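Visitor:
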Amino acid sequence: MEFLSYLISGISLGSVYAIIALGYTMVYGIAKMLNFAHGDVIMVGGYISLLSMTSLGLPWWLAVILAMVVCTVLGVVIEGLAYKPLRAAPSLAVLITAIGVSYFLQNAALLLWGASPKAYTPIIAGSVKLFEGQLSISYVSMLTVFMCIVIMIALTLFTGKTRMGKAMRACSEDKSAAQLMGINVNRTISMTFAIGSALAAIAGVLLCSSYTSLMPTTGSMPGIKAFTAAVFGGIGSIPGALLGGVLLGIIESLAKAYISTQLANSIVFAVLIITLLVRPAGLLGKYVPEKV
Amino acid sequence: MEEILKVDNINVYYGAIHAIKGISFHVNQGEVVTLIGANGAGKSTTLQTISGLLRSRTGSIEFCGENISNTPSHKIVEKGLAQVPEGRRIFLQMSVQENLEMGAYTQPGAGIDTDLERVFQQFPRLKERRRQIAGTLSGGEQQMLAMGRALMSHPKLLMLDEPSMGLAPILVEQIFEIIRQLHKDGTTILLVEQNAQMALSVADRAYVMETGKITLSGTGAELAASDQVKKAYLGG
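Following this line, the structure appears as structure tokens:
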């Protein structure tokens, strides 16, 4: 029973990682860059939702929508101001810029909202008790897993069936060829950032709801872990992000429970390193050999 | 005859390398015009400049009477100028049909099914393989897919960059048969080729490029008969 409860909390944590990892993986797939500021967009989503519920007194669902809108705009603005001018620059320049944006967002949050952690009231309180109270699953956990599944299905349909989604896949394969089809590559990249950032807002709300506290660095560690999850599952792959996220969550939760709380993070990253040694493209990553 | 494309004195650089040195040429409505020349003469660079992927420092490119030298690539496609790039550049991880749908990206959704049928009629092999992932097609099939994809946009001018590259002789014949057929149906074509003999056999007019310049021009038959071309490109 104890094991089951750790497993469930792992799946729930992993679902948050998966939602964040989807943002990483989509942006990487299309813009071929690692947006290290992604984790901090999560934190902004957390603050916006918290402030709209506490200061503005909005209902939780409206707070979530507002956080999504703000993060979407933020994501598109970051892309347009910081990354777009570097489209032709070496990838190291873009990477350093992304790290810069990450610190900028953390420090802006520090200025605006202060360093001390704020208490975050979960958007849905309570839990279900099973097996005569031996197993308790919070509503937030259930909502997290449910949202993760809904987002996965929606994104799979979007990239597989819609014109815009297919254009994104075309851009991720070959930008010049996509341009020769009449696809506006810059707009497609903006759109990808918009979707990734909206997902980050949802992840922020879910993350803060399960940890019930929020500060300017809240997004960093989950951001890095989600990045790990994306690489673990195969960066650029949507199902890979889901698989990587959930597995990472389960490993972390079980490692905390049965091995050591202090070592949990080391174990998570050790699993990543071992996986990449065996499968360099990640679990579901496609290794595409160059066709001569 | 109406000029559909007019390239006037373009100069293109890759960093410090002067790749295109002030060339001018034109393509009339309904014609097949070919640019022939050795590897590195600047033929593909010329097509990429017309498509807006590269920019000229001087001169102008007019398409249907409109200056497109500063128009973004994706807008140029909307105006009816399609390119089948060198090396085909199909989307290898997408299905055959999805590749064709990407070709129709600039088109209103309603006509896409009819256009798909039209392309499948031209290339029956593609119909058989419509659900297959494009990366699994053979070289010849990939070339057909690349051409079919470009035709999905109803181009007023179709630019083909080395369609025979890397194909077995029998497939080269097939590709040129398709080019003849497209010509007969009234498609205007600008063809870049290293296979000068094949290119001149389908072309109304031709230009010879050498190290970034146009050195000769004339009708396809004239150039095929010219001693200079025979010596340099047709093996004596």
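Top to bottom, those sequences are chains A and B.
Heads up: the first sequence at position 250 corresponds to 249 in numbering that gives the first Met the number 0, and the numbers run straight through without jumps.
Heads up: the second sequence at position 224 corresponds to 223 in numbering that gives the first Met the number 0, and the numbers run straight through without jumps.
Even for Gly, the Cβ is constructed at its ideal location relative to N, Cα and C.
From a predicted model like this one, the values you see are computed outputs, not experimental measurements.
#1: Quick one, which residues of the stretch 75-97 of chain A are near chain B if we go by CB-CB under 8 Å, in chain order?
#2: By Cβ distance, which residues of its chain are closer than 7 Å to Ala36 (chain A), with the 5 residues on each side in sequence left out?
#3: Would you mind sorting Gln133 (chain A) into buried or exposed? The rule is 16 or more other CB atoms within 10 Å of its CB.
#4: Please give me, in chain order, every unbroken run of the alpha helix (DSSP H) with length at least 4 that falls completely inside the stretch 80-166 of chain A.
#5: By a C-beta neighbour count over all protein chains shown, 10 Å radius and 16 as the cutoff for buried, is Pro107 (chain B) buried or exposed?
#6: Nearest chain B C-beta to Ala176 (chain A) closer than 8 Å, yes or no?
#7: Give the secondary structure of Ala62 (chain A) by DSSP, where H, G and I count as helix, E and B as strand, and everything else as coil.
#8: Output the residue ranges of the alpha helix (DSSP H) runs that lie fully inside the stretch 185-224 of chain B and measure 4 residues or longer, sorted by chain position.
#9: Among A:Glu1, A:Leu3, A:Phe2, A:Ile10, which one has its Cα closest to the Cα of Ser209 (chain A)?
#10: Checking contacts by CB at 8 Å: is Ala240 (chain A) closer than that to chain B?
#11: Run through DSSP, which three-state label would Asp112 (chain B) get?
#12: Indicate whether Phe45 (chain B) and Ala205 (chain B) have their beta-carbon atoms separated by less than 8 Å.
#13: What residue does the beta strand (DSSP E) around Gln82 (chain B) start on, and which one ends it?
#14: Please list, in chain order, the chain A residues whose beta carbon lies closer than 7 Å to that of His73 (chain B).
#15: Alpha carbons only, please: which of B:Lys5, B:Pro168, B:Ala18, B:Tyr104 is nearest the one belonging to Val26 (chain B)?
#16: Find the nearest neighbour of Gln92 (chain B) within the set A:Val144, A:Cys70, A:Glu172, A:Trp60, judged by alpha-carbon distance.
#17: Can you name the residues of chain E whose CB is closer than 8 Å to the CB of Gly102 (chain B)?
#18: So, does the CB of Met93 (chain B) fall closer than 8 Å to a CB anywhere in chain A?
#19: Could you check whether the Cβ of Lys165 (chain A) sits closer than 8 Å to any Cβ belonging to chain B?
#20: Below 7 Å on C-beta distance, what does Pro162 (chain B) contact in chain A?
#21: Please name the residue, chosen from A:Leu271, A:Asn183, A:Pro84, that lies closest to Glu77 (chain B) on a Cα-to-Cα basis.
#22: Just tell me which of B:Val207, B:Glu127, B:Gly219 has its CA closest to the CA of Val201 (chain B).
#23: Using the beta-carbon of each residue, which ones in chain A are nearer than 9 Å to Glu77 (chain B)?
#24: Go to His153 (chain B), then tell me how far its beta strand (DSSP E) extends in each direction, as first and last residue.
#25: For Val204 (chain A) versus Ile122 (chain A), is the C-beta spacing smaller than 8 Å?
#26: Taking its Cβ as the centre, do 16 or more other Cβ atoms sit within 10 Å of Glu1 (chain A), making it buried, or is it exposed?
#27: Would you verify that the beta carbon of Ala280 (chain A) is, or is not, closer than 8 Å to some beta carbon of chain B?
#28: Does the separation of the CB atoms of Thr70 (chain B) and Gly51 (chain B) fall below 8 Å?
#29: Check the Cβ of Thr105 (chain B) against every Cβ in chain A and list those closer than 8 Å, keeping chain order.
#30: Is Arg54 (chain B) close to chain A, meaning its C-beta is less than 8 Å from at least one C-beta of that chain?
Guide: A quick look at the data gives this:
#1: For the stretch 75-97 of chain A, the set of residues with a beta-carbon nearer than 8 Å to any beta-carbon of chain B is empty.
#2: So the qualifying residues of the chain are Ile77, Ala97, Val100, Ser101, Leu104.
#3: The residue is exposed, with fewer than 16 neighbouring Cβ atoms inside 10 Å.
#4: Taking 4 residues as the minimum length, the alpha helix (DSSP H) runs contained wholly in the stretch 80-166 of chain A are 90-112, 138-160, in order along the chain.
#5: Under this definition Pro107 (chain B) is an exposed residue.
#6: Under the 8 Å criterion on CB atoms, Ala176 (chain A) is classed as interfacial with respect to chain B.
#7: For Ala62 (chain A), the three-state secondary structure derived from DSSP is helix.
#8: Runs found: 195-201, 219-224.
#9: With distances taken between Cα atoms, Ser209 (chain A) lies closest to A:Ile10.
#10: Interface residue (Cβ-Cβ distance to chain B less than 8 Å): Ala240 (chain A) is not classified as such.
#11: Per DSSP, reduced to three states, the secondary structure at Asp112 (chain B) is helical.
#12: Per the sequence shown, the amino acid found at residue 45 (chain B) is Thr instead of Phe. With contacts defined as CB atoms closer than 8 Å, Thr45 (chain B) and Ala205 (chain B) fail to qualify as a contacting pair.
#13: Where Gln82 (chain B) is concerned, the enclosing beta strand (DSSP E) stretches over 80-83.
#14: Going along chain A in sequence order, the residues near His73 (chain B) (Cβ under 7 Å) are Gln178, Gly181, Ile182, Asn183.
#15: Scanning B:Lys5, B:Pro168, B:Ala18, B:Tyr104 for the CA closest to the CA of Val26 (chain B) turns up B:Lys5.
#16: For Gln92 (chain B), the nearest C-alpha among the options comes from A:Glu172.
#17: Of the protein chains in the structure, A and B, none is chain E.
#18: Contact of Met93 (chain B) with chain A is assigned, a C-beta pair being separated by under 8 Å.
#19: Lys165 (chain A) counts as touching chain B.
#20: What Pro162 (chain B) touches in chain A: nothing, since even the nearest Cβ is about 15 Å away.
#21: For Glu77 (chain B), the closest alpha carbon among the candidates A:Leu271, A:Asn183, A:Pro84 is that of A:Asn183.
#22: Considering only alpha carbons, the answer is B:Gly219.
#23: The answer, in chain order, is Gly181.
#24: Careful: His153 (chain B) lies outside any beta strand (DSSP E) and carries neither H nor E.
#25: Their beta carbons are under 8 Å apart, which means Val204 (chain A) touches Ile122 (chain A) by this criterion.
#26: Residue environment for Glu1 (chain A): exposed (fewer than 16 other C-beta atoms within 10 angstroms of its C-beta).
#27: Chain B, which has no Cβ nearer than 8 Å to the Cβ of Ala280 (chain A), makes this no.
#28: Yes.
#29: Under the 8 Å cutoff, chain A gives Met180, Gly181.
#30: No - not a single Cβ of chain A is within 8 Å of the one on Arg54 (chain B).
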